[in-house]
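Protein chains: 2
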Amino acid sequence: MSIDFRNIAGELIQHHGGRVTAGRIGILAILLAEQHAITHREIEQRLPESLPLDRVTLYRALEWLAEKNLIHKVTSDDRVWRYHVNRELHAHHHAHFKCTRCAQVICLDDLPAERSWPLPAGYRFQEIELTVKGLCADCC
Amino acid sequence: MSIDFRNIAGELIQHHGGRVTAGRIGILAILLAEQHAITHREIEQRLPESLPLDRVTLYRALEWLAEKNLIHKVTSDDRVWRYHVNRELHAHHHAHFKCTRCAQVICLDDLPAERSWPLPAGYRFQEIELTVKGLCADCC
DNA sequence: TTGTAAATGCAACAAAGTTGCGTTTATTGT
DNA sequence: ACAATAAACGCAACTTTGTTGCATTTACAA
Ligand SMILES: [Mn+2]
Ligand SMILES: [Mn+2]
Ligand SMILES: [Zn+2]
Ligand SMILES: [Zn+2]
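Respectively, the protein sequence lines represent chains A and B.
Each residue of the first sequence is one higher than the one before, counting from 1 in our numbering.
Each residue of the second sequence is one higher than the one before, counting from 1001 in our numbering.
In structure tokens:
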């Protein structure tokens, strides 16, 4: 884990009025270094030996990071949340791609996930959740 | 539960080469009578006293019905599958609406969930999963 | 340096779904 | 109608993912 990401993580956390703890720094640094959206489990596995972190603490840190809009949660059909850092490009709502073979999830920044859709009378639109499924380049 | 739905259910099950059991008839009849996509739990609750059915049997029956394309499963952000009968209109893939207040799920038959989307090079499209979220007419 | 709320760790809990296996039953052939 | 048999079922145990309560520790500011 690059020291760079840890520095950025620390600044981001501080800037959002949270306590700058080793756990939060480690978690956010992992997500900053990661291309894809990853699960709680995968984050746990990427944590260094030197930073043992309770499952619950990890869940709560992720919750806090999502509240502060530093990361976002991605729903999936395998009943597992995936987490991804909010870079400028996809701070807004956006679509995701999930590989049906390796379960890898990426963000599709250029897909319009914000526009309204036709709904039955009396229904009010809030947002859409769009996941494109298929095979990733590695699995093709 | 209308005897009509039970008759239709029985015929559908038989036509697909499965054993026509009380459980399958009861489950499919419930889904035939239902407008919305409902959860395993909700199906369980709608089962008549006269038809006690083990949770596992219910899961396996739903799995079989989905395999035979008599029903389809809907993913949701609450990590709970919902099930809905396949009427002609939405035998194909289609989008869903979920109320963020009462969690009700309906099928949006007129939304194009089949067309391909632009993906990164080397990625292969299979299908999309689209959930529109908002408030239903009752919750508005 | 110290006080304090915020964050953490641990244990227990909960919901949804799965697996293995012995028993029952719907269906087929006689 | 009866018997054979594979399919379906019921039960218990298990798994995975995530949540809650509470006592303890710690970041940070006064
Ligand atoms: Mn994303
Ligand atoms: Mn549907
Ligand atoms: Zn893949
Ligand atoms: Zn509603």
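Cβ atoms here follow ideal geometry from the backbone N, Cα and C, with glycine treated the same way.
Buried/exposed call for residue i, threshold 16 Cβ in 10 Å
i: B/Val1020; result: exposed
i: A/Leu12; result: buried
i: A/Arg24; result: buried
i: B/Ala1029; result: buried
i: A/Cys107; result: buried
i: B/Ile1043; result: buried
i: A/Glu129; result: buried
i: A/Ile71; result: buried
i: B/Tyr1123; result: buried
Whole-angstrom distance between residue j and residue i, CA atom to CA atom
i: A/Cys140; j: B/Pro1118; result: 16 Å
i: B/Val1080; j: B/Pro1120; result: 30 Å
i: B/Leu1135; j: B/Gln1104; result: 9 Å
i: A/Ala61; j: A/Ile27; result: 8 Å
i: A/Ala137; j: B/Ala1137; result: 42 Å
i: B/Gln1035; j: A/Thr57; result: 41 Å
i: A/Lys73; j: A/Ala66; result: 7 Å
i: B/Arg1041; j: B/Leu1051; result: 15 Å
i: B/Ala1022; j: A/Thr75; result: 35 Å
i: B/Ser1002; j: A/Ser116; result: 38 Å
i: A/Glu88; j: A/Glu63; result: 20 Å
i: B/Glu1049; j: A/Glu49; result: 54 Å
Other residues of its chain near residue i: CB distance less than 6 Å, five sequence neighbours each side excluded
i: B/Thr1131; result: His1096, Lys1098
i: B/His1016; result: Lys1068
i: A/Gln14; result: Val20
i: A/Leu53; result: Gly23, Leu47
i: B/Gly1018; result: none
Same chain, Cβ closer than 7 Å to residue i, neighbours up to 5 away in sequence not counted
i: B/Leu1032; result: Phe1005, Ile1008, Ala1009, Val1085
i: A/Ile38; result: Arg82, Tyr83
i: A/Lys133; result: Lys98, Thr100
i: A/Glu127; result: His93
i: B/Arg986; result: Residue 986 of chain B lies beyond the stretch modelled for chain B, which goes from 1001 to 1140, so this question has no answer here.
i: A/Phe125; result: Ser116, Trp117, Leu119
Residues of its chain near residue i, where Cβ-Cβ distance is below 8 Å and the 5 sequence neighbours each way are ignored
i: A/Asp78; result: Ala103
i: B/Arg1055; result: His1040, Glu1044
i: A/Tyr59; result: His40
Give me every residue whose Cβ sits closer than 7 Å to any heavy atom of ligand 4, in chain order.
Any residue whose Cβ sits closer than 7 Å to a heavy atom of ligand 4 makes the list: B/Cys1099, B/Arg1101, B/Cys1102, B/Gln1104, B/Leu1135, B/Cys1136, B/Asp1138, B/Cys1139.
Who's in the neighbourhood of ligand 2, going by beta-carbon under 5 Å from any heavy atom, listed in chain order? Counting only residues whose CB is nearer than 5 Å to a non-hydrogen atom of ligand 2, the list in chain order is B/His1084, B/Cys1107.
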